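Using our numbering, the letters of the sequence shown map in sequence onto residues 2 to 236. For every residue, glycine included, the Cβ atom is placed at its ideal position computed from N, Cα and C. Only a predicted model underlies this, so the values are computations on that prediction, with no experimental measurement involved. One structure is given below, encoded as structure tokens.
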Amino acid sequence: MTLTATATAPAQRNALLAGATGLTGGSLLQLLLESGDYARVHALTRRVLPLDHPRLANRVVKLAELDRRLPGVRADDAFCCVGAAGGPAASAQELQAVDVGLVLAFATAARSVGATRLVVISALGADAGSTNPFLRAKGEMEAALRGLDFAALDIVRPGAVLGVRDGASVGGLLGQGLRVLTNPLRVGRLAPTRALPSANIAAAMLAATRTGRRGVTLYSGQALEDLAAGNRRLA
Ligand SMILES: NC(=O)c1ccc[n+]([C@@H]2O[C@H](COP(=O)([O-])OP(=O)(O)OC[C@H]3O[C@@H](n4cnc5c(N)ncnc54)[C@H](OP(=O)(O)O)[C@@H]3O)[C@@H](O)[C@H]2O)c1
2 MTLTATATAP AQRNALLAGA TGLTGGSLLQ LLLESGDYAR VHALTRRVLP LDHPRLANRV
62 VKLAELDRRL PGVRADDAFC CVGAAGGPAA SAQELQAVDV GLVLAFATAA RSVGATRLVV
122 ISALGADAGS TNPFLRAKGE MEAALRGLDF AALDIVRPGA VLGVRDGASV GGLLGQGLRV
182 LTNPLRVGRL APTRALPSAN IAAAMLAATR TGRRGVTLYS GQALEDLAAG NRRLA
């Protein structure tokens, strides 16, 4: 059998990922490595990833110290799954530092190494004017990212993220169980609040790059679920 150059040539594009040690970021890393969309996946983490892959380049760095420079790195698409531990339950101070400060530091660095697309996780209801610290931080983050001049900015806004994190508490697991049980009841106006498995969110993030859409695109509710499902069909 003769394979065409298109079929055999590895993708020439590079991905830059932050948050690969987390629930969603871990799923996304696997997808990016398995998909073949990228020749190289640069994962920026604060501890070494327990993973070896010919296309993976793991750099242990402090996001706050990226300082607009990543020697030797060139990126096309950047993915950000960073978020303060505890997510919506984190303190306002942590949310400002991580969900706003570190996400911006990463996005700025991604631009400086050539990324023209950023896919980032925000949250349903993100609003810089919200009294809720989590939604306010996500709203501020979105507003700041819009100012960074990415040709494409894909903002994924899940209602809640399902999955078992390292060191999850019993309370946390029970809360997740409750979300799973109430998911089918969330219909109509409540449908966007349905909790999504982290793997689906990761699938949607990769799928966002495959749409080729430019400008700012917000994905939530059914659109987010459809994006994830579409990617699974393509996989
Ligand atoms: N939980 C929800 O229901 C919910 C709802 C809507 C949106 N979201 C958002 O969804 C996204 C992904 O959530 P997830 O549950 O997959 O997150 P997660 O498992 O908690 O992972 C968070 C990631 O952020 C990194 N991180 C946190 N603080 C950091 C710091 N100071 N410096 C460097 N890295 C740091 C973590 O690195 P380490 O492993 O080194 O700590 C980890 O890789 C987050 O942005 C979250 O806010 C969550």
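Could you round the C-beta distance between residue 28 and residue 196 to whole angstroms and report it? I think they count as a contact, below 8 Å. Numbered from 1 along the sequence shown, position 27 holds the residue referred to as residue 28. Numbered from 1 along the sequence shown, position 195 holds the residue referred to as residue 196. That pair is no contact at about 15 Å.
heavy atom of ligand 1 below 7 Å from residue 100 C-beta: Taking the first residue of the sequence shown as 1, we reach residue 100 at position 99. Correct: residue 100 has its Cβ closer than 7 Å to ligand 1.
Give a single yes or no on whether residue 48 has its beta carbon closer than 7 Å to a heavy atom of ligand 3. Of the ligands this structure carries, namely ligand 1, none is ligand 3.
Since residue 212 is in the beta strand (DSSP E), which residue starts that stretch and which ends it? In the sequence shown, counting from the first residue as 1, residue 212 sits at position 211. It is not in any beta strand (DSSP E) - residue 212 carries neither H nor E in the DSSP assignment.
If we call anything under 8 Å between Cβ atoms a contact, is residue 120 one with residue 157? Taking the sequence shown and counting its residues from 1, the one referred to as residue 120 is at position 119. Taking the sequence shown and counting its residues from 1, the one referred to as residue 157 is at position 156. Taking 8 Å as the Cβ cut-off, residue 120 and residue 157 qualify as a contacting pair.
Taking 7 Å as the cut-off, is the beta-carbon of residue 84 closer than that to any non-hydrogen atom of ligand 1? For the purposes of this step, residue 84 is taken as the residue at position 83 of the sequence shown. Yes, since a heavy atom of ligand 1 falls inside the 7 Å radius drawn around the Cβ of residue 84.
Rounded Cβ spacing between residue 110 and residue 67 (contact assumed at less than 8 Å): Along the sequence shown, one-based indexing puts residue 110 at 109. Along the sequence shown, one-based indexing puts residue 67 at 66. Indeed, because the Cβ distance is near 4 Å, the residues count as touching under 8 Å.
My output table needs one value for residue 133: the three-state DSSP class, helix, strand or coil. Counting from one through the sequence shown, the residue named residue 133 turns up at place 132. Here residue 133 sits in coil by DSSP.
By how many angstroms is the C-alpha of residue 79 removed from the C-alpha of residue 108? The count along the sequence shown starts at 1 and reaches residue 108 at position 107. The count along the sequence shown starts at 1 and reaches residue 79 at position 78. Taking the straight line joining both Cα atoms gives about 8 Å.
DSSP beta-bridge partners of residue 44: Working through the sequence shown from its first residue, we reach residue 44 at position 43. 18, 59, per the DSSP bridge assignment.
In this structure, does DSSP put residue 198 in helix, strand or coil? The residue labelled residue 198 in the question sits at position 197 within the sequence shown. Three-state result, residue 198: strand.
Once the 5 residues before and after residue 149 are set aside, which same chain residues still bring their CB inside 7 Å of it? Looking up residue 149 in the sequence shown gives position 148. Contacts found: 108, 109, 112.
Quick check on the DSSP output: what are the complete alpha helix (DSSP H) runs of length 4 or more inside the segment 84-164, in order along the chain? 93-96, 104-113, 134-147
Answer yes if the segment 220-227 comes into contact with the segment 185-195, meaning at least three C-beta pairs across the two stretches below 8 Å, and no otherwise. yes
So which of 213, 115, 63, 74 has the shortest CA-CA distance to residue 106? Stepping through the sequence shown from its first residue, residue 106 is reached at position 105. Nearest option by C-alpha distance: 63.
Kindly indicate which three-state DSSP category residue 219 falls into: helix, strand or coil? Looking up residue 219 in the sequence shown gives position 218. DSSP places residue 219 in strand when its eight states are reduced to three.
On a Cα-Cα basis, can you pick out the residue from 87, 145, 215 that is closest to residue 152? To locate residue 152, count along the sequence shown from 1; it is residue 151. Answer by Cα proximity: 215.
Hey, would you say the C-beta of residue 24 is under 7 Å away from at least one heavy atom of ligand 1? If you number the sequence shown from 1, residue 24 lands on position 23. Correct: residue 24 has its Cβ closer than 7 Å to ligand 1.
Straight-line CA distance for residue 86 to residue 92? Translated into the one-based positions of the sequence shown, residue 86 becomes position 85. Translated into the one-based positions of the sequence shown, residue 92 becomes position 91. When rounded, the distance between both Cα atoms is 9 Å.
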